[in-house]
Structures are given as structure tokens and as C-alpha cells.
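To keep things clear, I will list the structure first and then write my remarks on it.
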Amino acid sequence: MKKSRVVTKFLKTAALVLPTTMMLVSCGKTAPIGSAEIDEAAKIIIGEVDWRDVTELSSQNPIRKSSRAVADVQFANGGRCTGFLVADNVLMTNNHCIKSARDVVGMKVFMKHETGRQKSDYAEISCTQYVGTNAQLDFSLVKCSGTPGQTYGKVELDGSGATAGDDVYVVHQNCDYYSDYDCDWSKKYSEGKVTEVTDMVSHNADTLGGSSGSPIFSADSNKVIAIHNSGYGGNWMGRGVKNMGVPMSRIVPYIEANFPGVLAASSTDTGSDQGDDTQVGDDNDTYAKASSLAKNKTVRGLAIDSKEDVDIYAVSMKSGEVLDFSIFFSHAEGDLDFKVYKKVGSNYKFVKAKESSSDNESVRMRVSSNATYYVKVFGYRGAKAKYDLVFKKY
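Here the sequence shown stands for residues 1 to 394, where the numbers follow this note's numbering.
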């Protein structure tokens with residue numbers, strides 16, 4: 001985030017005695033309450049400033065389309081970061097922007113802070129429910145009211161990994177406030193390349209403090225390959241050596257394991273879905289009538305609608321593959337659970353149960369032999385509830 005003038009003056013003075021090359025991580029002019037980082041140049045301009053306003057692009061340009069899901073995140077104390085919608089109602093930004101629920105208090109999120117728009121047209125959305133965070137991976141999730149992702153779009157996260165030399169672009173809320181302190185941090189895009197891939201993705205697209213939490217898109221797929229979070233080098237004017245982000249190849253598995261409902265909501269919009277709910281019938285309450293699930297399957301609008309009702313799904317697995325199965329529901333409506341069985345000869349051997357008192361249930365397990373596995377969904381003590389399911393194998 002940008003800092004106050006007082007902090008900026010202090011840091012410029014400190015530059016006389018501190019090394020001039022360092023890792024810089026923060027949000028913008030002022031860090032939010034609870035944020036330990038207060039470095040003024042979280043990100044780096046490399047060479048000449050070559051970012052541009054997204055409004056210069058046509059509405060059909062892929063970068064312009066991607067930019068719709070990117071937001072200006074402003075904190076109660078004047079600090080700011082960038083964020084982006086990863087689901088219909090979930091916003092992602094950096095952990096060093098939002099470390100806890102108290103950082104969300106008074107936060108404002110604007111989807112259309114763009115050049116040429118009046119402030120009244122910035123399209124504010126309400127994102128006030130803290131979901132969770134991971135400091136090591138430097139990301140946080142916040143739930144928004146309604147379904148803004150259906151209005152403004154949402155990004156697709158690519159967990160397959162980046163490669164050095166890949167063309168990328170970063171969409172972020174920023175301006176060169178070193179040259180003009182009172183400039184407007186309207187929505188910009190910066191093009192560049194991946195320069196190195198380790199446990200971080202290094203790139204040379206221009207950013208500055210305030211770009212924290214920006215999505216780094218692959219220019220080929222227009223999917224998000226990393227979340228931008230830091231820069232290296234610096235001459236106290238925001239100019240440096242390289243920028244970096246945390247790859248989605250590290251973040252996506254963590255979200256799927258710890259916040260499984262978040263990405264499920266958007267998975268029906270991706271090319272990985274190989275079916276819809278019309279292919280799953282209601283008459284699947286026995287092993288013989290089990291609904292067969294394809295390799296990647298997302299189904300909405302299912303239900304356990306009576307005390308006796310069960311839904312059984314069959315999945316064909318090969319040795320070494322991972323069975324990844326999740327159901328998403330509201331515990332307030334009814335508590336649903338499921339059990340996994342393996343067919344051995346003419347019998348069905350119990351493998352694992354997922355039974356808890358929280359919303360949603362999920363399992364991820366590597367199978368040891370070629371076999372058909374069955375997942376039986378049921379209501380705890382006769383509970384009834386609607387649910388969605390996501391099945392993957394890899």
C-alpha cells in the first residue's frame with residue numbers, strides 16, 4: 001500500500017544508512033492495521049514506466065476482459081492493495097495486505113476504478129467476511145456479499161506451473177506516485193515475461209507499492225499463474241531489478257485442501273468440467289444404479305431430500321491416481337456426510353468416511369490398485385440438504 005508523506009520522508013532519510021538493494025514487500029502508502037510490513041516500494045518499475053490504462057483496450061481484448069475481475073482494495077486507514085475475484089463471491093489479495101479479520105473492518109472494494117470514471121461509478125462491492133489466509137504463500141481470501149463474480153467476472157487459476165520465458169501481464173491498481181504523489185491509481189496493465197521460476201515466479205512487468213495482490217496472467221491462456229507480492233532492488237524511487245509473485249502451483253492445492261468450497265463455485269466455468277447435472281440422475285441409491293463420474297466433474301443442484309435418501313457415485317480409478325471428491329452444502333440446512341468404498345470382487349469394502357459438523361466435506365486419496373470406487377452421500381441422522389459436488393482424478 002502507499003505510505004503517508006511522513007513515513008515516506010522517514011524512509012528516504014533512512015536510505016542514507018540502509019543498503020540500497022533489498023526485498024520490498026507491502027501494499028501501498030499506508031499499511032493496514034495488523035500489517036507488519038511498512039516498506040514504501042513493495043513493487044518495482046524496471047526501466048521506463050510502460051504500464052497502460054486498461055481503458056485504452058477494446059472491450060473484446062483478452063487483457064481488458066481479464067481486468068474486469070480485478071479490484072481496488074482500500075483500507076480504513078488510507079492504505080490500499082489490489083485484489084481479484086477467484087469465485088462468484090470470493091476476493092483474493094496478499095496476506096501482507098489482510099492478515100486477519102480486523103484488517104477487513106472498514107475495507108472498501110471497487111471493481112471499476114478506471115481512468116475516465118467518476119468516483120460514483122467505481123462500482124463498490126461489499127467484501128466483509130474474512131475467510132482465511134496463509135502467510136508463507138502470502139494470500140488471503142475474503143467473502144463478498146451477493147455474486148459480484150457473475151457481474152464482473154472471475155479469474156481462472158492455473159496450478160500447472162509457469163515456465164521461464166512465458167509472456168505475462170499484470171493487472172493492478174497503480175500510478176507512478178514517485179513522479180506525481182497525487183496521481184490516480186486507476187486500473188493498469190503491465191506486460192512482461194517470466195524471468196525465473198523457483199519457489200517464486202520472477203517477472204519484469206512494471207508494478208509499484210499498491211500492486212500487492214495483483215494477478216499475474218499468462219498471455220497465452222489468460223489464466224492466473226501467480227499472485228504478485230514483492231520486488232527486488234530499489235533506489236527509493238521505485239526502480240529496481242525484478243518483481244516476484246507466489247505461483248498458483250503452490251496456492252491452488254492449499255486452497256483445495258483448506259478452503260475446498262472456494263474454487264468449486266467457479267469450476268463449472270472452466271474447460272475441465274466434462275459433464276453437467278443432467279447426466280446425474282436421482283435414481284442412484286444403490287451400487288447397481290450408481291452415477292458414473294467423468295475425470296473432472298462438477299454438478300450443481302443435487303439433494304438428499306428424505307431421511308432414507310442416499311446418492312451413490314462410481315469412479316473408475318487406476319493405481320497411483322488421486323481420487324479428489326468434495327461436496328458443498330450449508331450445515332444450517334442439514335448435515336451431509338459421505339463414505340468411500342472400494343469394489344473387491346462382488347463386495348464393497350469400506351475405505352474412508354468424511355463426517356464432521358462443518359459446512360462441506362472432502363477427501364483426497366491416492367489409490368493403490370486399479371478398481372472402481374464408490375462414494376455414498378447421505379444425511380447425518382436423517383438430515384436433508386441441497387449440495388453441489390466436485391470430482392477430480394489426476
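All C-beta atoms, glycine included, are put in the ideal place defined by N, C-alpha and C.
Residues sharing a beta bridge with residue i, DSSP
i, result
"residue 98", "In the DSSP output, where bridge partners are listed per residue, residue 98 has none listed."
"residue 371", "317"
"residue 106", "Note: residue 106 sits in no beta bridge, so no partner."
"residue 304", "385"
"residue 350", "341"
"residue 296", "392"
"residue 76", "Residue 76 pairs with nothing; no bridge assigned."
"residue 312", "376"
"residue 52", "189"
"residue 252", "None; residue 252 has no bridge partner."
Where the beta strand (DSSP E) through residue i begins and ends
i, result
"residue 386", "385-393"
"residue 244", "242-247"
"residue 361", "361-366"
"residue 289", "It is not in any beta strand (DSSP E) - residue 289 carries neither H nor E in the DSSP assignment."
"residue 163", "Where residue 163 is concerned, there is no enclosing beta strand (DSSP E), given that its DSSP letter is neither H nor E."
"residue 169", "167-173"
"residue 324", "322-328"
"residue 400", "There is simply no residue 400 to check, as the chain begins at 1 and stops at 394 in what is shown."
"residue 57", "Careful: residue 57 lies outside any beta strand (DSSP E) and carries neither H nor E."
"residue 92", "90-93"
First through last residue of the alpha helix (DSSP H) which encompasses residue i
i, result
"residue 152", "148-152"
"residue 64", "62-67"
Secondary structure of residue i, DSSP reduced to three states
i, result
"residue 124", "strand"
"residue 143", "strand"
"residue 263", "helix"
"residue 224", "strand"
"residue 355", "coil"
"residue 10", "Interpretation of residue 10 is limited by its pLDDT of 33, a score under 50 that renders its predicted location unreliable; no figure is taken from the coordinates."
"residue 133", "strand"
"residue 336", "strand"
"residue 380", "helix"
"residue 155", "coil"
"residue 117", "coil"
"residue 257", "helix"
"residue 29", "Bear in mind that the predicted position of residue 29 carries a pLDDT of just 40, short of 50, making it unreliable; the figure below should be weighed with that in mind. Three-state DSSP puts residue 29 in a strand."
"residue 284", "coil"
"residue 36", "The pLDDT assigned to residue 36 is 32, lower than 50, so where the model puts this residue is not dependable, and the model offers no usable value."
heavy atom of the ligand FMN below 7 Å from residue i C-beta
i, result
"residue 350", "The ligand FMN is absent from the structure shown, which contains no ligand whatsoever."
For this session: Counting only runs of 3+ residues fully inside the segment 181-220, write out the beta strand (DSSP E) ranges in chain order.
Result: Complete beta strand (DSSP E) runs here, min 3: 187-197, 201-203, 215-218.
Exercise. Given 8 Å as the limit, is there contact between the segment 100-117 and the segment 71-90, that is, 3 or more CB pairs closer than that?
Worked result: yes
For this session: Check whether the segment 373-392 touches the segment 310-327, counting contact only when three or more Cβ pairs, one atom from each stretch, lie closer than 8 Å.
Result: yes
Problem set entry | the segment 151-168 in contact with the segment 205-223 per 3-pair CB rule at 8 Å | Touching, yes, given that three or more Cβ pairs across the two stretches are closer than 8 Å.
Exercise. Would you call the segment 299-306 and the segment 348-358 in contact, with 3 or more CB pairs under 8 Å?
Worked result: no
For this session: Kindly confirm or deny that the segment 121-134 and the segment 181-193 touch, where touching means at least three C-beta pairs closer than 8 Å.
Result: no
Exercise. Hey, is the segment 354-370 in contact with the segment 328-337, meaning 3+ C-beta pairs nearer than 8 Å?
Worked result: yes
Problem set entry | Stretch pair the segment 137-152 + the segment 202-211: three plus CB contacts closer than 8 Å | no
Exercise. Quick one: any contact between the segment 52-62 and the segment 91-98, if contact means 3 or more CB pairs under 8 Å?
Worked result: Counting Cβ pairs under 8 Å, fewer than three are found: no touch.
Exercise. So does the segment 81-93 actually touch the segment 139-156, counting three or more Cβ pairs closer than 8 Å?
Worked result: yes
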